[in-house]
Ligand code: BGC
């Protein structure tokens, strides 16, 4: 077997990602907490509860683990509901807590990346109609101003909104996220408000911090036509346009294009400094005239793809290449802000990480500027409507005791971060089954 190392550029950001509601615990003043209290919303009635107890201070030990694992960056989110618990009240203690976390990252020589909105929001916002109400744009601007003023001494890398496309789908089309609507027109309205709120936030952040770098994180889903039939191909293309493209395309050219209708949002033009890509998997797509609620499509995984523990994710690393190529089309640097797999036994994860990073390395050689990779996630956390049934952490979490469980991927990822690359020895040690694919010969 040949030996060698695929080296990443100097200064590449190696990190993991987390989100406030998923790790903090004890967060009772937001839309997701309320959602968890409703029967039938979360699998098995699971609740976020203490989560990973970051609000109780366990972020310290988890940041220690990340640092010991050679990571030089971490992406976390801050909870709007904690910082602005009521429309006319800011909570300075909450801001202090976040300040401490960011200082904690800096003192561990890790670059913080902060997300302002990651799926959860204050109850008062939901009561005014949430993202359907245009007033959310002013509200998000005010929150951004307050949070960035407080945190900018420690952070200059910002994600305004995490996965506006997944939020639109989950909350307003599939009804799986609060407020649980199934209303396509409302979804499009929400998306427009998110774009305008993002544009405002972008401007506010740059006004406060001229050297800031601001982007969003889009969940890029691969959509492959299941056949050569024109209607299957059209269906796959329509999904790509509506799911992947809608948000970032509008930030590029100011045109909100829903295939049926184009709306101009000129203030969005040029409001990102990097494209954040969350890539997990790729679907096969077939046109289905009876599946109105699934946008007239049937989606499934290719038969030969290895599936994750809960069948939620198929291991399709070529999709990473496609995602990065697509992101490169916006002419901006790219950051992989999430990528990962649910796997409590760590049987697929090592291979998933190695194959996705190898795919990333390959496409970076086509002269695409990718500045970092954040694995989802540092530690198992509350997986939204799927509760605790999925385990995405490099580190496992014992919910009863709060103990962290070291999975082999902890050491695998540490070797990658420390080497700033993928060494054949690492592959041989952690996922010999992909040795031939990654180091053929
Ligand atoms: C979200 C994360 C989530 C992950 C795995 C992404 O869509 O941004 O919050 O935990 O997927 O389900």
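Residue numbers (the numbering used here): 21 to 461. The C-beta atom is built at its ideal place from N, Cα and C for all residues, glycine as well. Keep in mind it's a predicted model, so treat the numbers as computed, not measured.
Exclusion of residue 232 from the 6 Å shell around the ligand BGC follows from its C-beta lying no nearer than that to any non-hydrogen atom of the ligand. Take residue 90, set aside five residues on each side of it, and the residues of its chain with a beta-carbon closer than 6 Å to its own are 434, 437 and 438, in chain order.
The stretch 272–280 makes no contact with the stretch 332–343, as fewer than three CB pairs between them are under 8 Å. Collapsing the DSSP output to three states places residue 40 in a helix.
Put simply, the stretch 351–361 touches the stretch 286–301. At least three CB pairs are less than 8 Å apart. Using a 10 angstroms sphere on the CB of residue 264, the tally of other CB atoms reaches 16 or more, which defines it as buried. Considering only 111, 267 and 333, the residue with the shortest C-alpha distance to residue 182 is 267. In this structure, DSSP gives residue 153 a state outside helix and strand, which the three-state scheme calls coil. Contact between residue 126 and residue 174 holds: their C-beta atoms lie close to 6 Å from each other, under 8 Å. In this structure residue 198 does not touch residue 346 by the C-beta definition: roughly 30 Å separates them, more than the 8 Å allowed. Between residue 38 and residue 397, the C-beta spacing is below 7 Å.
Where residue 318 is concerned, there is no enclosing alpha helix (DSSP H), although the beta strand (DSSP E) around it starts and stops at 317–320. One Cα belongs to residue 245, the other to residue 79, and the distance between them is close to 43 Å. Distances between the C-beta of residue 50 and the heavy atoms of the ligand BGC are all 6 Å or more. Under the DSSP assignment, residue 113 falls in the alpha helix (DSSP H) whose first and last residues are 112–127.
Bounds of the alpha helix (DSSP H) holding residue 447 are 444–450. Beyond the five residues adjoining it in sequence on each side, residue 426 comes within less than 7 Å, by CB distance, of 415 in the same chain, given in chain order.
Separation of the CB atoms of residue 177 and residue 132 is rounded to 7 Å, and the pair is thereby assigned contact status at 8 Å. For residue 378, the enclosing alpha helix (DSSP H) begins and ends at 369–384.
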